[in-house]
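In what follows, a single structure is set out as structure tokens and then discussed.
Number of protein chains: 2
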Amino acid sequence: MTTSASIGIVTPQRAHFDTPLALKSGGVLPAYDLVFETYGTLNATASNAVLVCHALSGSHHVAGIYADDPKSVGWWDNLVGPGKPLDTNKFFVIGVNNLGGCYGSTGPKSINPATDKPWGADFPFVTVDDWVDSHARLGERLGISQFAAVLGGSLGGMQALDWTLRYADRVRHGMIVAAAPKLSAENIAFNEVARQAILRDPDFHGGNYYEHGVVPVSGLRLARMLGHITYLSDDAMAQKFGRRLRHGEHKFHFGVDFEIESYLHYQGDKFAGFFDANTYLLTTKALDYFDPAYDYDGNLQEAMVRARAKFFIASFTTDWRFPPERSRELLFALMHGGRDVAYVELECAAGHDSFLLDDAHYHAALRAYFSNIEV
Amino acid sequence: MTTSASIGIVTPQRAHFDTPLALKSGGVLPAYDLVFETYGTLNATASNAVLVCHALSGSHHVAGIYADDPKSVGWWDNLVGPGKPLDTNKFFVIGVNNLGGCYGSTGPKSINPATDKPWGADFPFVTVDDWVDSHARLGERLGISQFAAVLGGSLGGMQALDWTLRYADRVRHGMIVAAAPKLSAENIAFNEVARQAILRDPDFHGGNYYEHGVVPVSGLRLARMLGHITYLSDDAMAQKFGRRLRHGEHKFHFGVDFEIESYLHYQGDKFAGFFDANTYLLTTKALDYFDPAYDYDGNLQEAMVRARAKFFIASFTTDWRFPPERSRELLFALMHGGRDVAYVELECAAGHDSFLLDDAHYHAALRAYFSNIEV
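Quick look at the structure:
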């Protein structure tokens, strides 16, 4: 990746929406903001727009850097930019922070106009459907009646899938990477342990920790440590850390002995320093609830009949959070429904996190697929 | 299993040891108790003794029931008894609670004679080597100069492996089930998240919670919930719980939505009600540190040269905590060293926990092996 291929300095934008958003949980957001970024130029017929949906801890900052912080590289910067697989010379790319998030879109940290205090525990439950509804409105605001593609990895892939069903005429290509059509019991189990760590942290204060001037650091830290175990593969951990000792010997203490422990502590501490606990809780519940086949007695093929898009699906052999068989569930449901699907199963050692890396085959697959999208 | 095949009512015994035990950590236990149970009768030549080593949350209560509690069935009662695979008509079977435990052997809950208070955080680190040393002394006390077999599952299997190396002439058969020659980085990672949950619980009080009259319930609960995810397989969870809802619909709350959550809460609450947090910490560290190849530059084959026993090794295809490839590491190290090894890889759906169940092939393998042990 050369510097010349970076989109360069980018600036987030904010869109305010006054029309209330009815949520799947039964609640209503009376008004809300969405923070987003765009890269490239929307063409005259608005046919070249690609929406990039973020995963659990991601944001609208997909590519480029901020002028005031040269370290602030977007989370999918290796993918999005001039000459990159998602080429901003061809496409107009949008990244948007989900509702309930903690990066600028309306969420639990935002001020609840009814109380003039942070929403905290009163912020309504949001779902993948709600995010997609709110992003569809952003599309309208930007003059996009149909997206060339909606792309996402992990939870972002679920949003892309949701788009193809609930806004079938507004998306030509659904691109779903390292995702699953729904969480397994084991996926839900990991989420629940992470949530319990936060909910039981005395500094959580029932979700209203903002007013107490504290953060449930221990809970967030545990949640992130656990998360990182599921993002990596057993093999990747073995290669990266193995049983390497931090101090060259067994110390017989409860501090750090092994490098893997040091890595998890570092990741946990970093995360607890910037991420919002309520956002973590809400987002994991949105993951748990997501199930397009829910209203179809669990029959995914029937659920997918509504789709009109073409599909790109990618999975990674070492991803044990959403392993290839989960992508194949979706693949077969789509194929049995006669849909046009490109599927690639990639051997990339990094586990679930592979979707963020620039593995050569993976990026070649994305580059080829995007190059064949007509705009 | 018929009632007539149960060993029936059993009574724990206690052995006190006055000779100080030098520990691998550098510490010394000046004196200690071991609580144990025996089933069957030691023969005249003391050649029919089988030591059963317990795993993380197990105890000396391997088989039978206590007279005052008909629900108190031993944790491996399906295996040990008259006519059972480990037949007490032939063998004299010993179960012993590990040092550092919380079921009667000297541990952090015990009174430290130097302070007249519970040991708490001052209890020294114990390792697999230390357990084996202390159990060897129990063997001497009982007049057993050589065990017919030492058997264990999971952490118990590591103790059995340790016996074959450090007391090579005192064990004729090392029987190692659902174990690994050492923990992987991922194994250590899970242990560390569980430990952090306990260490960061405000009720932990640096390990001296006994004097505060509290228990770090939240930490123990999280540790056990996480543990249970690793004891089951993804498939077993899918079959047992899937995405079944507790209340028939998504409740949009942080209480229990899915059956799998309810199961984990139940297991976590139960465990926190009886298990000691310091024991949990010490035992997971003993697991992390265990590595017979540590003094051999990681070369397991060289480490195993000392062994004189015959081996029985069993693994389960759905065990992702210690998957079959971890057992095969040991198998190949032994085979390259010319040792006599029986290895069986079993298709049992229950994941790591399979070693506790009475799968027909599994029990047939154990029965056949035990029946061929000469006493």
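So the sequences go chain by chain: A and B. 1 is the number of the first residue of the first sequence in my numbering; add one for each residue after it. 1001 is the number of the first residue of the second sequence in my numbering; add one for each residue after it. Backbone N, C-alpha and C fix where the C-beta goes; we use that ideal spot for every residue, glycine too.
- A residue is called buried once 16 or more other Cβ atoms fall within 10 Å of its Cβ, and residue 124(A) is buried on that count.
- Two segments are said to touch when three or more pairs of C-beta atoms, one from each, lie closer than 8 angstroms; by this definition the region 31 to 41 of chain A does not touch the region 243 to 261 of chain A.
- Taking all protein chains shown into account, residue 1266(B) has fewer than 16 neighbouring C-beta atoms within 10 Å of its C-beta and is therefore exposed.
- With its beta carbon less than 8 angstroms from one in chain A, residue 1186(B) belongs to the interface.
- The closest CA to that of residue 1220(B), considering only 140(A), 212(A), 200(A), 82(A), is found on 200(A).
- Residue 34(A) has a beta carbon lying at 8 angstroms or more from every beta carbon in chain B.
- Judged by DSSP in its simplified three-state form, residue 285(A) adopts helix.
- For residue 1182(B), the neighbours in chain A by C-beta distance under 7 angstroms run, in chain order, 243.
- With fewer than 16 other CB atoms across the displayed protein chains lying within 10 angstroms of its CB, residue 1212(B) is exposed.
- Annotation: residue 304(A) is outside any beta strand (DSSP E) and is labelled neither H nor E by DSSP.
- In the same chain as residue 1158(B), and ignoring 5 residues on each side of it, the C-beta atoms closer than 6 angstroms to its own belong to 1128, 1179, 1290, in chain order.
- The C-beta of residue 6(A) comes no closer than 8 angstroms to any C-beta of chain B.
- Fewer than three Cβ pairs drawn from the region 1061 to 1074 of chain B and the region 1263 to 1283 of chain B lie within less than 8 angstroms of each other, which leaves the two stretches out of contact.
- Annotation: the region 46 to 100 of chain A contains the following complete segments of the beta strand (DSSP E) (minimum length 3 residues), in chain order: 49 to 53, 92 to 96.
- Going by C-alpha positions, residue 1360(B) is about 47 angstroms away from residue 360(A).
- At a cut-off of 8 angstroms between C-beta atoms, residue 1289(B) counts as an interface residue with respect to chain A.
- Taking a contact to require three or more Cβ pairs closer than 8 angstroms, the region 150 to 164 of chain A and the region 175 to 193 of chain A qualify as touching.
- Below the 8 angstroms Cβ cutoff, chain A contributes no neighbours of residue 1353(B), its closest Cβ being approximately 14 angstroms away.
- At a beta-carbon threshold of 7 angstroms, the residues of chain A lying near residue 1281(B) are 254, ordered along the chain.
- By the Cβ test, the region 1083 to 1097 of chain B is in contact with the region 1040 to 1055 of chain B, since at least three Cβ pairs between them sit closer than 8 angstroms.
- Among the bridge pairs identified by DSSP, residue 1173(B) is matched with 1310(B).
- 196, 197, 199, 200, 202: these are the residues of the region 196 to 214 of chain A whose beta carbon lies less than 7 angstroms from some beta carbon of chain B, given in chain order.
- Within the region 1289 to 1312 of chain B, the residues whose Cβ lies closer than 9 angstroms to any Cβ of chain A are, in chain order, 1289, 1291, 1294, 1298.
- The region 299 to 312 of chain A and the region 333 to 343 of chain A touch, with three or more beta-carbon pairs separated by less than 8 angstroms.
- Contact between residue 1186(B) and residue 192(A) does not hold, since their C-beta atoms are separated by about 20 angstroms, which reaches or exceeds 8 angstroms.
- In this structure, residue 1319(B) and residue 1371(B) do not form a Cβ contact; the two beta carbons are roughly 25 angstroms apart against a cut-off of 8 angstroms.
- Under the 10 Å beta carbon count, residue 143(A) is surrounded by fewer than 16 other beta carbons and is classified as exposed.
- DSSP, reduced to helix, strand and coil, places residue 16(A) within a strand of the structure shown.
- Look at the region 1118 to 1161 of chain B and you find these whole runs of beta strand (DSSP E), each 3 residues long or longer: 1149 to 1153.
- Assigned with DSSP and collapsed to three states, residue 1345(B) falls in strand.
- Chain A has no Cβ within less than 8 angstroms of the Cβ of residue 1275(B).
- In this structure, the beta-carbon distance from residue 1070(B) to residue 1035(B) does not fall below 8 angstroms.
- No residue range can be given for residue 214(A), since it is assigned to no alpha helix (DSSP H) and is classified by DSSP as neither H nor E.
- Between residue 21(A) and residue 203(A) a beta carbon distance of about 31 angstroms is seen, past the 8 angstroms cut, so the two are scored as non-contacting.
- Here DSSP, grouped into helix, strand and coil, assigns residue 350(A) to coil.
- If you check each beta-carbon in the region 224 to 244 of chain A against every beta-carbon of chain B, the ones closer than 7 angstroms belong to 225, 226, 229, 234, 237, 238, 241, 242, 243.
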